[in-house]
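Please read the structure below before turning to the comments.
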Amino acid sequence: MNVFRIAGDLLHCISIFILLHKMRKTRTCTGISRKTLELYAIVFLTRYLDLFTGGYFDSALSLYNTVLKLLFLASTFYCVYLLRVKYRHTYDRSHDTFRVPFLLGAAAVLAFIFPQRYTILEILWSFSQYLEAVAILPQLLLLQRTGEVENLTSHYIFCLGAYRGCYVLNWIWRFFTDSTYRGQYVTWTAGLIQTSLYADFFYYYLKYKKQGRALKLP
Amino acid sequence: SNMAHKHDEL
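From first to last, the protein sequence lines are chains A and B. Just so you know, the working numbering puts 13 at position 13 of the first sequence, and the rest follows in order with no gaps. Just so you know, the working numbering puts 226 at position 8 of the second sequence, and the rest follows in order with no gaps.
Here is the structure:
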């Protein structure tokens with residue numbers, strides 16, 4: 001455990017909190033991609049299957065991981081519920097049109113060709129890493145199509161991108177401090193792809209933030 | 219090398 005890992009997890013929690021706050025405060029889900037959130041639900045379901053293998057109290061780290069895994073699963077499913085049921089009449093269906101099967105297919109192919117190991121659990125785990133890397137794409141497309149982005153929505157995406165950026169720093173840290181960690185090439189590949197997808201968004205976010213204006217995507 | 223594949227992150 002290092003400071004980058006903790007900062008990353010904290011940003012991840014904050015991003016989900018901002019998203020829920022935005023939806024509950026405005027009682028709408030405009031500007032939020034249901035497709036991205038459903039992809040995250042699949043990501044957490046396929047990655048956290050080890051919740052069924054026990055060992056929750058083996059160490060402080062196991063306990064910490066278990067609590068956060070449950071939190072991510074519950075909050076993501078709650079968001080999907082808000083989008084599908086409670087605020088469904090405000091959902092931007094006509095703009096949220098990214099072809100998700102394409103992403104699922106690409107992640108599945110990568111997971112079968114380059115899994116961390118050839119076991120069912122490891123293939124699913126690798127699938128979740130590749131899928132998480134691209135899960136933000138429907139959300140970015142939706143924002144581009146609607147033009148101006150609400151502040152809270154832009155903060156949400158910024159925190160989500162910063163979370164994975166912190167994880168990359170955490171991996172660099174672990175590369176030098178933990179020799180057993182160096183073979184995690186799935187994590188490296190997926191993490192770098194994911195962080196780079198945010199680069200464009202970060203650029204516009206910081207630019208408009210500096211000018212004190214609402215974010216507009218070209 | 220078993221350790222290398224122990225997933226201890228989120």
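Ideal Cβ positions, reconstructed from N, Cα and C, are used throughout, including at glycine. The model shown is predicted, which means the values in this text are computed figures rather than measured ones.
Test item: CB-CB of residue i and residue j under 8 Å
i	j	result
residue 170(A)	residue 2(A)	yes
residue 29(A)	residue 87(A)	yes
residue 52(A)	residue 73(A)	no
residue 187(A)	residue 127(A)	no
residue 133(A)	residue 199(A)	no
residue 12(A)	residue 163(A)	yes
residue 130(A)	residue 76(A)	no
residue 140(A)	residue 49(A)	no
residue 146(A)	residue 89(A)	no
residue 206(A)	residue 136(A)	no
residue 38(A)	residue 80(A)	yes
8 Å Cβ cutoff, residue i in contact with chain E
i	result
residue 69(A)	Among the protein chains of the structure shown, namely A and B, there is no chain E.
Cα-Cα separation, residue i to residue j
i	j	result
residue 165(A)	residue 194(A)	9 Å
residue 225(B)	residue 119(A)	14 Å
residue 174(A)	residue 180(A)	9 Å
residue 91(A)	residue 216(A)	20 Å
residue 138(A)	residue 16(A)	17 Å
residue 101(A)	residue 214(A)	32 Å
residue 220(B)	residue 183(A)	With a pLDDT of 41 at residue 220(B), under the threshold of 50, the modelled position of this residue cannot be trusted, and the question is left open.
residue 144(A)	residue 218(A)	6 Å
residue 192(A)	residue 168(A)	7 Å
residue 105(A)	residue 201(A)	25 Å
residue 178(A)	residue 59(A)	18 Å
residue 212(A)	residue 117(A)	48 Å
residue 22(A)	residue 32(A)	10 Å
residue 25(A)	residue 176(A)	44 Å
residue 125(A)	residue 78(A)	23 Å
DSSP-derived helix/strand/coil call for residue i
i	result
residue 204(A)	helix
residue 228(B)	coil
residue 169(A)	helix
residue 11(A)	helix
residue 217(A)	coil
*Identify every run of the alpha helix (DSSP H) within the stretch 39 to 87 of chain A, keeping only runs that are complete inside it and at least 4 residues long; order them along the chain.*
The qualifying runs are 60 to 81.
*Could you tell me which uninterrupted alpha helix (DSSP H) segments, each at least 4 residues in length, are contained entirely in the stretch 84 to 143 of chain A, listed from first to last along the chain?*
Whole alpha helix (DSSP H) segments, 4+ residues: 100 to 113 and 120 to 134.
*Give a yes or no on contact between the stretch 106 to 126 of chain A and the stretch 64 to 71 of chain A, applying the rule of three or more CB pairs nearer than 8 Å.*
Segments in contact, no.
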